[in-house]
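In the working numbering, the protein residues as written are 29 to 298.
Glycine residues also receive a C-beta, built at the ideal position from the N, C-alpha and C atoms.
Accompanying notes for the structure given below.
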Ligand SMILES: NC(=O)c1ccc[n+]([C@@H]2O[C@H](COP(=O)([O-])OP(=O)(O)OC[C@H]3O[C@@H](n4cnc5c(N)ncnc54)[C@H](O)[C@@H]3O)[C@@H](O)[C@H]2O)c1
């Protein structure tokens, strides 16, 4: 099979690691052909280190030229990228999942396409169980996220509510709401809430709680779900990425695992 032409949009903590791993582990299955980032210096750096053959393109041209599009940029761009890619029957892997949750016409878009949308589990465990449970009756899904304070810096919700992170000295509940509200409040911090909502009971019914503390060393996500099958409880404590403390190391690895799935003949897990 001819290697897929891969385009990567967003070359930060996740995107740069994916380019590195793709060029090392998956070079037979895919070739990094196109790169896009608002920061030109990032493109130069990544080309120099891992993908000298890759061309820099606008995201629109990148999507049109690639067989597989990887979005690791921002919520604002996630739905436009997915929309364009799917309309052109491409495969598209989206990391900024919050951007999909707010989009009203995702379901109708998916109905009309032969493209494929891939969404990694991120730093969550339990998505397999949630999907299986959803094949029966799933009644309640709750995500409790605990983050070190520096993993929440810059979130719009903190400004809106006048929450000062430096005033938090111990584990403190700073947000409680549904997944849609969580994604608006913390667009760069709780993409997993969107993934969980898409996998389970939807944006409005998925409950989210966010705790912050300077005493936390890891990003923690705990999922609890109840349905006719019984109860599911899954917890992950992930080291924050060295290049972006908002991003969990496991989120990066989960994107790598999804790439393995794309290129593999065996698809494990529900
Ligand atoms: N699904 C998950 O579980 C999960 C987990 C962690 C992070 N994320 C999301 O994945 C995305 C990437 O995370 P990261 O840690 O690599 O972030 P990052 O901030 O380290 O890197 C993002 C990169 O994208 C670039 N960028 C931003 N907007 C762009 C645009 N419109 N066009 C082109 N380039 C653009 C930035 O310049 C930057 O280089 C973020 O949206 C983040 O919220 C998802």
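Check this for me: beta carbons of residue i and residue j, under 9 angstroms apart or not?
i: residue 147; j: residue 90; result: no
i: residue 120; j: residue 135; result: no
i: residue 266; j: residue 250; result: no
i: residue 235; j: residue 204; result: yes
i: residue 199; j: residue 241; result: yes
i: residue 261; j: residue 162; result: no
i: residue 43; j: residue 61; result: no
i: residue 85; j: residue 114; result: no
i: residue 279; j: residue 220; result: yes
i: residue 176; j: residue 247; result: yes
i: residue 257; j: residue 160; result: yes
i: residue 289; j: residue 216; result: no
i: residue 181; j: residue 171; result: no
i: residue 238; j: residue 270; result: no
i: residue 156; j: residue 298; result: yes
i: residue 122; j: residue 137; result: no
i: residue 272; j: residue 82; result: no
i: residue 88; j: residue 112; result: yes
Can you list, in chain order, the residues of its chain with a C-beta nearer than 6 angstroms to that of residue i? Leave out the 5 residues immediately preceding and following it.
i: residue 284; result: 49
i: residue 78; result: 47, 48 and 51
i: residue 231; result: 129, 207, 208 and 225
i: residue 169; result: 228, 229, 234 and 253
i: residue 210; result: 218, 221 and 236
i: residue 299; result: Here the chain has residues from 29 to 298 only, and residue 299 is not among them.
i: residue 300; result: Since the first residue shown for the chain is 29 and the last is 298, residue 300 is missing from the structure and cannot be characterised.
Count the other CB atoms within 10 Å of the CB of residue i; is the residue buried (16 or more) or exposed (fewer)?
i: residue 65; result: buried
i: residue 197; result: exposed
i: residue 243; result: exposed
i: residue 103; result: buried
i: residue 174; result: buried
i: residue 100; result: buried
i: residue 255; result: buried
i: residue 201; result: exposed
i: residue 80; result: exposed
i: residue 98; result: buried
i: residue 282; result: buried
i: residue 124; result: buried
i: residue 158; result: buried
i: residue 58; result: buried
i: residue 179; result: buried
Determine the extent of the beta strand (DSSP E) in which residue i is found, giving its start and end residues.
i: residue 203; result: 200–206
i: residue 247; result: 247–255
i: residue 62; result: 58–64
i: residue 35; result: 32–37
i: residue 144; result: 144–146
In the DSSP assignment, the alpha helix (DSSP H) including residue i goes from what residue to what residue?
i: residue 140; result: 134–140
i: residue 223; result: 219–227
i: residue 287; result: 277–291
i: residue 52; result: 41–53
i: residue 155; result: 155–162
i: residue 184; result: 184–189
i: residue 12; result: The shown model of the chain, from 29 to 298, leaves out residue 12, and the question about it has no answer.
i: residue 114; result: 103–115
i: residue 90; result: 87–93
Using a Cβ-based criterion (distance less than 8 angstroms to any ligand heavy atom), does residue i qualify as near ligand 3?
i: residue 41; result: Absence of ligand 3 is noted for the structure shown, with ligand 1 being the only ligands found.
Using a Cβ-Cβ cutoff of less than 7 angstroms, which residues in the same chain neighbour residue i once the five nearest sequence positions on both sides are dropped?
i: residue 139; result: none
i: residue 295; result: 289
i: residue 245; result: 176
Apart from the five residues just before and just after residue i, which ones in its own chain have a Cβ nearer than 8 angstroms to its Cβ?
i: residue 93; result: 33, 35, 61, 62 and 85
i: residue 141; result: 114, 115 and 117
Name, in chain order, the residues that DSSP records as bridge partners for residue i.
i: residue 266; result: 247
i: residue 170; result: 235 and 252
i: residue 99; result: 37 and 122
i: residue 165; result: BP columns for residue 165 are empty, so no partner.
i: residue 258; result: 255
i: residue 176; result: 241
i: residue 83; result: 62
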